[in-house]
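Data first, discussion second: the structure below is written as structure tokens.
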Amino acid sequence: YVGNLDPSVTAEVIYSLFEMIGVIKRHRLFFHEKYAEFAFVEYFDEIIAHTALKALNGRRLVNKPMMINFATNTGNFKSIDISSHSRVFVGDLSSEVNEGILKKRFDTYGLISHVQIVRDPSSFKSKGYGYITFFDRLGAERSIELMKDETLGKWPIRTEWARSSNHEANESGDGSRREMNYEDVYKQTTNDNTS
Numbered sequence: 001y002v003g004n005l006d007p008s009v010t011a012e013v014i015y016s017l018f019e020m021i022g023v024i025k026r027h028r029l030f031f032h033e034k035y036a037e038f039a040f041v042e043y044f045d046e047i048i049a050h051t052a053l054k055a056l057n058g059r060r061l062v063n064k065p066m067m068i069n070f071a072t073n074t075g076n077f078k079s080i081d082i083s084s085h086s087r088v089f090v091g092d093l094s095s096e097v098n099e100g101i102l103k104k105r106f107d108t109y110g111l112i113s114h115v116q117i118v119r120d121p122s123s124f125k126s127k128g129y130g131y132i133t134f135f136d137r138l139g140a141e142r143s144i145e146l147m148k149d150e151t152l153g154k155w156p157i158r159t160e161w162a163r164s165s166n167h168e169a170n171e172s173g174d175g176s177r178r179e180m181n182y183e184d185v186y187k188q189t190t191n192d193n194t195s
């Protein structure tokens, strides 16, 4: 557990800092309306995790001392279930856009519970898309409507309801099905599709 983080800290910064100690299995950065920004970092090796705790606990990151401890399930902190929150897909992201930039650009539309840029696991480079999770549906709807085709980084971005891999491609953000027209289908195809 890594707490007391400045809002400008991104998942890339957390990864870079903790990767200096050892190989990271996974990491995740969280935003919450009631708590300061925090992250979880998991190492493959427990000894490396102990080393990171000793080396980085209390160290200043963006002028704030990090509070690092082993994550436990003691009930003192309840994990945030974001499954009922409203999730927005953001596509066509240029490579310089990170989680902090994405959060800053979208947080005017509502309270954000999570921001994720999908990255290649070996190179950690952005795959050009990500997700923003809002606490409420209204913030997500407004961001989809108002940020669609807005320039972020080098080019315009796409915004739409995020779909989980087990849902139909024509399911809307509220779980109801909608009929897709030619434009919707066309926009989802790749440039090399000749079917």
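In terms of full-length UniProt numbering, the sequence shown is residues 1 to 195. Note that beta-carbon positions come from the ideal geometry of N, C-alpha and C, so glycine has one too.
Please state whether DSSP places residue i in a helix, a strand or coil.
{"i": "alanine 52", "result": "helix"}
{"i": "alanine 162", "result": "coil"}
{"i": "phenylalanine 134", "result": "strand"}
{"i": "serine 16", "result": "helix"}
{"i": "isoleucine 157", "result": "coil"}
{"i": "methionine 67", "result": "strand"}
{"i": "arginine 142", "result": "helix"}
{"i": "glutamine 188", "result": "helix"}
{"i": "isoleucine 24", "result": "strand"}
{"i": "glycine 75", "result": "Because glycine 75 sits at a pLDDT of 43, beneath the cut-off of 50, its placement in the model cannot be relied upon, and the following sentence gives the value as read from the coordinates. Looking at glycine 75 - three-state DSSP - the assignment turns out to be coil, as it is neither helix nor strand."}
{"i": "glutamate 96", "result": "coil"}
{"i": "alanine 169", "result": "In this prediction, alanine 169 scores a pLDDT of 41, lower than 50, which makes its location untrustworthy; the coordinate-derived value is nonetheless stated afterwards. Alanine 169: coil per DSSP, three-state reduction."}
Looking only at its own chain, which residues have a Cβ that is under 6 Å from the Cβ of residue i, when we skip the five neighbours before and after it?
{"i": "valine 115", "result": "Glu99, Leu102, Lys103 and Ile132"}
{"i": "phenylalanine 135", "result": "His85, Leu111 and Ser113"}
{"i": "glycine 3", "result": "Phe38 and Met67"}
{"i": "aspartate 6", "result": "Val62 and Lys64"}
{"i": "phenylalanine 44", "result": "Val23 and Lys25"}
{"i": "isoleucine 117", "result": "Glu99, Ser126 and Gly130"}
{"i": "glycine 58", "result": "Pro65"}
{"i": "methionine 147", "result": "Thr159"}
Tell me, which residues are paired with residue i by DSSP?
{"i": "alanine 39", "result": "Val2 and Leu29"}
{"i": "tyrosine 129", "result": "Gly91"}
{"i": "threonine 151", "result": "Pro156"}
{"i": "arginine 60", "result": "Pro65"}
{"i": "serine 86", "result": "Phe134"}
I'd like the span of the beta strand (DSSP E) that includes residue i, first residue to last.
{"i": "isoleucine 117", "result": "112–119"}
Considering just the uninterrupted stretch of the alpha helix (DSSP H) at residue i, what are its terminal residues?
{"i": "lysine 103", "result": "99–106"}
Please identify the residue among the options whose C-alpha is closest to the C-alpha of residue i.
{"i": "arginine 163", "options": "Asn69, Trp155 and Gly91", "result": "Gly91"}
{"i": "serine 95", "options": "Asp120, Arg137 and Ser143", "result": "Asp120"}
{"i": "alanine 39", "options": "Ser8, Glu145 and Ala140", "result": "Ser8"}
{"i": "proline 156", "options": "Arg137, Tyr129, Leu138 and Glu141", "result": "Tyr129"}
{"i": "glutamate 12", "options": "Lys25, Leu29 and Thr51", "result": "Leu29"}
{"i": "isoleucine 24", "options": "Phe31, Thr151 and Glu46", "result": "Glu46"}
{"i": "lysine 127", "options": "Glu19, Glu141 and Leu93", "result": "Leu93"}
{"i": "valine 88", "options": "Ala49, Ser143 and Arg60", "result": "Ser143"}
{"i": "phenylalanine 31", "options": "Thr51, Thr10 and Glu19", "result": "Thr10"}
{"i": "arginine 137", "options": "Thr51, Glu19, Met20 and Glu160", "result": "Glu160"}
{"i": "glutamate 150", "options": "Ile21, Thr51, Glu19 and Phe106", "result": "Phe106"}
{"i": "tryptophan 153", "options": "Met147, Ser122, Val97 and Ile21", "result": "The amino acid occupying residue 153 in the given sequence is glycine; tryptophan does not appear at that position. Out of Met147, Ser122, Val97 and Ile21, Val97 has the C-alpha closest to the C-alpha of glycine 153."}
Tell me which residues share the same chain as residue i and place their Cβ nearer than 7 Å to its Cβ, disregarding the 5 neighbours each side in the sequence.
{"i": "isoleucine 14", "result": "Val2, His27, Leu29, Ala39 and Val41"}
Excluding the 5 residues flanking residue i on each side, which residues of the same chain have their C-beta closer than 8 Å to its C-beta?
{"i": "leucine 17", "result": "Leu56 and Leu61"}
{"i": "phenylalanine 70", "result": "Tyr1, Ala49 and Leu53"}
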